[in-house]
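Just so we're aligned: 267 in the working numbering is position 220 of the sequence shown, and the numbers increase by one with no gaps anywhere.
Each residue gets a CB set at the ideal place from its N, CA and C atoms; glycine is no exception.
Below is one structure; the comments refer to it alone.
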Amino acid sequence: MEIIFLSSFTFIIFSILFILILPCYCFIIKDSNIINDRWQYENKENTNKIGSYRKKLKHNVSINKDIKGDEHIMSSYENEKYIKKLLEDYEKYKITTYSSENTFFFPGQGEQYLSMGLDTYNNYKECKELYNSASKILGYNLMDLIKNGPIEKLKNSEIAQPSIYTVSMASLEKLKIENNDAYMKLNLCMGYSLGEYSALTCANSLSFEEGVYITKERGKAMQYCSTLYKMTTIAIVGLTLDNIKKLIEEVNKKMNDDIFIVSYMTDRKFGLCGKPHTMDYLNTLAKEKYKAIFTKKLEIAGAFHSFYMFPAKEALKNVLKQITFKKLSVPVISNVDGNAYDDPVIIKDLLILQLTSPIKINTCLQNVLKHGYKSGYELGPGTINTNLLRDLSKNTKRAITYI
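In structure tokens:
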């Protein structure tokens, strides 16, 4: 009898608790769903774009999350904090004692032009073999495209990146043939963005064929991001970093759009990117109010080195997983922080980070000058690295050879 009474009492208590708790629980679930539905509505455009990119590249792209766990495109401020935190982990791996007496420089995207590298193709059998080898990997006649264009096709990242890489490697081969002593005296390599892959090949960490494959896949992923997010990149000359930040703040208030600093070239040369209409306004304001000496829209396909390249990181990571980077014969300077590294594992991580990180070319070149620079070679199309080097030090004019 006592047992039956206790069971009945327990049942009544649990029934009362269930009746009291159920409405609260339902309210919590409903409220949570409302918040989730609202977030999905507000971020529908970005979520759909990210989803379509995942489907397109067939990669499980991992998008960074904010403190609420929401998928979103990072602001420039958030991206800066995110990268700064990551770089703290790499600080212990950088090389502090190295020589830059003889440094090789390699160009990045935007330096391409019709018929670039034609002399190496026509005059050196070894160089011609490189172009033919690249053509087999790429699936099209590379030199025919470089020679005949059209130039708009050559601006496409999927084509531009392996093209510039191949021309740079042909220039290196030409140097080895004509002046192998210069190559044997090499102390340090540096590349501008894409040029880091040329630098790593020069430092014997990558084979030529691996470099062609990586730059092709990197270019493909970056081109798709560029299609996904229509952005404009502008170079601004003549403003200090403080004035650049004030300019960005003023434009943000007016246009309610985020602007990224994507390249630090010198203390008065910067690359900025954002939406086309926002960058048009920024361009006008930079010249008329802030008195910039010079501004120019850059011939690159998208918002390189900003968080708008984040989806490409996973694609690049999957490509680099297939490649074993070998021990470097000489250090290579990373664009991400301007420091020299020779650990192939760390360099691979930094190459992935480089896609969404502003490139610190000014710090790279300052470290080149600081470590005993005497002579250098710019190998490949364009003269971007050594032009910036001259801006930083007027004594380097006769210490540069172009190949």
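How would you call lysine 232, buried or exposed, if buried means at least 16 neighbouring beta carbons within 10 angstroms?
Position 185 of the sequence shown, counted from the first residue, corresponds to residue 232. Lysine 232 is exposed by the Cβ-count criterion.
If distances are taken between C-alpha atoms only, which option among Tyr137, Tyr129, Pro154 comes closest to asparagine 434?
Counted from its first residue, the sequence shown places residue 434 at position 387. Of Tyr137, Tyr129, Pro154, the residue nearest in Cα terms is Pro154.
Alpha carbon to alpha carbon, how far is aspartate 314 from asparagine 409? Give it in angstroms, no decimals.
Numbered from 1 along the sequence shown, position 362 holds the residue referred to as residue 409. Numbered from 1 along the sequence shown, position 267 holds the residue referred to as residue 314. Our two residues, asparagine 409 and aspartate 314, have alpha carbons roughly 7 Å apart in a direct line.
Taking only runs that begin and end inside the stretch 399 to 435, name each unbroken beta strand (DSSP E) of 3 or more residues, in chain order.
Annotation note: the stretch 399 to 435 contains the following uninterrupted beta strand (DSSP E) runs of length 3 or greater, listed N- to C-terminal: 422 to 425.
Which residues bound the alpha helix (DSSP H) around asparagine 365?
Residue 365 sits at position 318 when you count from the first residue of the sequence shown. Per DSSP, asparagine 365 is one residue of the alpha helix (DSSP H) stretching across 357 to 367.
Name the residue from Asn432, Gly427, Leu439, Lys441 whose alpha carbon lies nearest to the alpha carbon of serine 210.
Your numbering for residue 210 matches position 163 in the sequence shown. Comparing Cα-Cα distances from serine 210 to each of Asn432, Gly427, Leu439, Lys441, the minimum goes to Gly427.
For the candidate residues Thr279, Lys338, Lys267, whose alpha-carbon lies nearest to that of isoleucine 347?
Position 300 of the sequence shown, counting from 1, holds the residue named residue 347. Ranked by how close their Cα comes to the Cα of isoleucine 347, the residues Thr279, Lys338, Lys267 have Thr279 in first place.
Helix, strand or coil for serine 254? Go by DSSP, reduced to three states.
In the sequence shown, the residue the question calls residue 254 occupies position 207. Note: serine 254 maps to coil in three-state DSSP.
Leaving out five residues on either side along the sequence, give the residues of the same chain with a beta carbon under 8 Å from the beta carbon of leucine 222.
As a first step, residue 222 must be located in the sequence shown, where it is residue number 175. Taken in chain order, the residues that qualify are Ala229, Tyr230, Tyr424, Leu426, Ile450.
So the beta strand (DSSP E) tyrosine 276 belongs to, where does it begin and stop?
Counting from 1 along the sequence shown, the entry for residue 276 is found at position 229. Annotation for tyrosine 276: no beta strand (DSSP E) segment contains it, and DSSP assigns it neither H nor E.
Closer than 9 Å to chain B by CB, glycine 419
Here there is only one protein chain, and chain B is not present.
Backbone CA spacing between isoleucine 431 and lysine 300 [nearest angstrom]:
Sequence index remark: in the sequence shown, residue 431 carries index 384 (1-based). Sequence index remark: in the sequence shown, residue 300 carries index 253 (1-based). The straight-line gap from Cα to Cα measures roughly 33 Å.
Taking 9 Å as the threshold (C-beta atoms), are isoleucine 184 and tyrosine 260 in contact?
Here residue 260 refers to the residue found at position 213 when the sequence shown is read from its first residue. Here residue 184 refers to the residue found at position 137 when the sequence shown is read from its first residue. Going by C-beta atoms, tyrosine 260 is nearer than 9 Å to isoleucine 184.
Quick check: what's the CA-CA separation for alanine 359 versus tyrosine 271?
Counting from 1 along the sequence shown, the entry for residue 359 is found at position 312. Counting from 1 along the sequence shown, the entry for residue 271 is found at position 224. Answer to the nearest angstrom: the Cα atoms are 8 Å apart.
Mind the definition here: the stretch 199 to 208 touches the stretch 388 to 402 only if three or more C-beta pairs lie below 8 Å; say whether that holds.
Flag = no, the stretch 199 to 208 and the stretch 388 to 402 do not touch.
Check the C-beta distance from leucine 286 over to tyrosine 337 and give it rounded, since I have them as a contact under 8 Å.
Within the sequence shown, residue 286 is the residue found at index 239, counting from 1. Within the sequence shown, residue 337 is the residue found at index 290, counting from 1. Their Cβ separation, rounded to whole angstroms, is 6 Å, which keeps leucine 286 and tyrosine 337 in contact under 8 Å.
For valine 392, count neighbouring Cβ atoms within 10 angstroms of its own Cβ and tell me buried if that reaches 16, exposed if not.
Stepping through the sequence shown from its first residue, residue 392 is reached at position 345. The residue is exposed, with fewer than 16 neighbouring Cβ atoms inside 10 Å.
Rounded to a whole number of angstroms, what is the C-alpha to C-alpha distance between threonine 274 and tyrosine 160?
Taking the sequence shown and counting its residues from 1, the one referred to as residue 274 is at position 227. Taking the sequence shown and counting its residues from 1, the one referred to as residue 160 is at position 113. Roughly 22 Å between the two C-alpha positions.
Could you check which residue in Tyr129, Glu127, Tyr145 has the C-alpha nearest to that of asparagine 386?
In the sequence shown, residue 386 corresponds to position 339, counting from 1. Considering only alpha carbons, the answer is Tyr145.
Leucine 332, DSSP secondary structure in three states:
Taking the sequence shown and counting its residues from 1, the one referred to as residue 332 is at position 285. Secondary structure at leucine 332: helix, using DSSP grouped into helix, strand and coil.
Exposed or buried, what is aspartate 305 when buried is set at 16 or more other beta-carbons lying within 10 Å of its beta-carbon?
As a position in the sequence shown, residue 305 is number 258, starting the count at 1. Result: buried.
Under 9 Å between C-beta atoms of isoleucine 447 and cysteine 411:
Numbered from 1 along the sequence shown, position 400 holds the residue referred to as residue 447. Numbered from 1 along the sequence shown, position 364 holds the residue referred to as residue 411. Not closer than 9 Å, so no.
According to the neighbour-count rule (16 or more other Cβ atoms, all chains shown, within 10 Å of its Cβ), is cysteine 71 buried or exposed?
Working through the sequence shown from its first residue, we reach residue 71 at position 24. Its pLDDT being 42, under 50, cysteine 71 is placed unreliably in this model, and the value from its coordinates should be taken loosely. Exposed is the call here.
Please confirm if the stretch 127 to 136 is in contact with the stretch 169 to 183, defined as three or more CB-CB distances below 8 Å between the two stretches.
Verdict: no, contact absent.
So, using beta-carbon positions, are lysine 343 and isoleucine 281 closer together than 9 Å?
As a position in the sequence shown, residue 343 is number 296, starting the count at 1. As a position in the sequence shown, residue 281 is number 234, starting the count at 1. Yes, the Cβ-Cβ distance between lysine 343 and isoleucine 281 is below 9 Å.
Does the Cβ of threonine 150 have 16 or more other Cβ atoms within 10 Å, making it buried, or fewer, making it exposed?
For the purposes of this step, residue 150 is taken as residue 103 along the sequence shown, with counting starting at 1. Here threonine 150 is buried: its Cβ has 16 or more other Cβ atoms, across all protein chains shown, within 10 Å.
Under the rule that 16 or more other beta-carbon atoms within 10 Å means buried, what is lysine 421, buried or exposed?
Translated into positions along the sequence shown, residue 421 becomes position 374. Its Cβ having fewer than 16 others within 10 Å, lysine 421 is exposed.
Under the rule that 16 or more other beta-carbon atoms within 10 Å means buried, what is asparagine 330, buried or exposed?
Residue mapping note: residue 330 aligns to position 283 of the sequence shown, counting from 1. So asparagine 330 ends up on the buried side.
Sequence-distant residues of its chain with Cβ nearer than 6 Å to serine 440 (five each side left out)
The sequence position of residue 440 within the sequence shown is 393, counting from 1. Short of 6 Å from the beta carbon of serine 440, and not among the five residues preceding or following it, lie these beta carbons of its own chain, in chain order: Leu416.
Please state whether DSSP places glycine 196 in a helix, a strand or coil.
Translated into the one-based positions of the sequence shown, residue 196 becomes position 149. If DSSP states are grouped into helix, strand and coil, glycine 196 belongs with coil.
Sequence-distant residues of the same chain with beta carbon closer than 7 Å to phenylalanine 341, five excluded per side
As a first step, residue 341 is located in the sequence shown; it is residue number 294 there, counting from the start. If we look at phenylalanine 341 and ignore the five residues flanking it on each side, its Cβ neighbours are Val284, Gly285.
How big is the Cα-Cα spacing for aspartate 384 and lysine 407?
The residue labelled residue 384 in the question sits at position 337 within the sequence shown. The residue labelled residue 407 in the question sits at position 360 within the sequence shown. Each residue's CA atom was taken as its position, placing aspartate 384 and lysine 407 some 6 Å apart.
Which of the three DSSP states is assigned to lysine 441 in this structure?
In the sequence shown, the residue the question calls residue 441 occupies position 394. Reduced to three states, the DSSP call for lysine 441 is helix.
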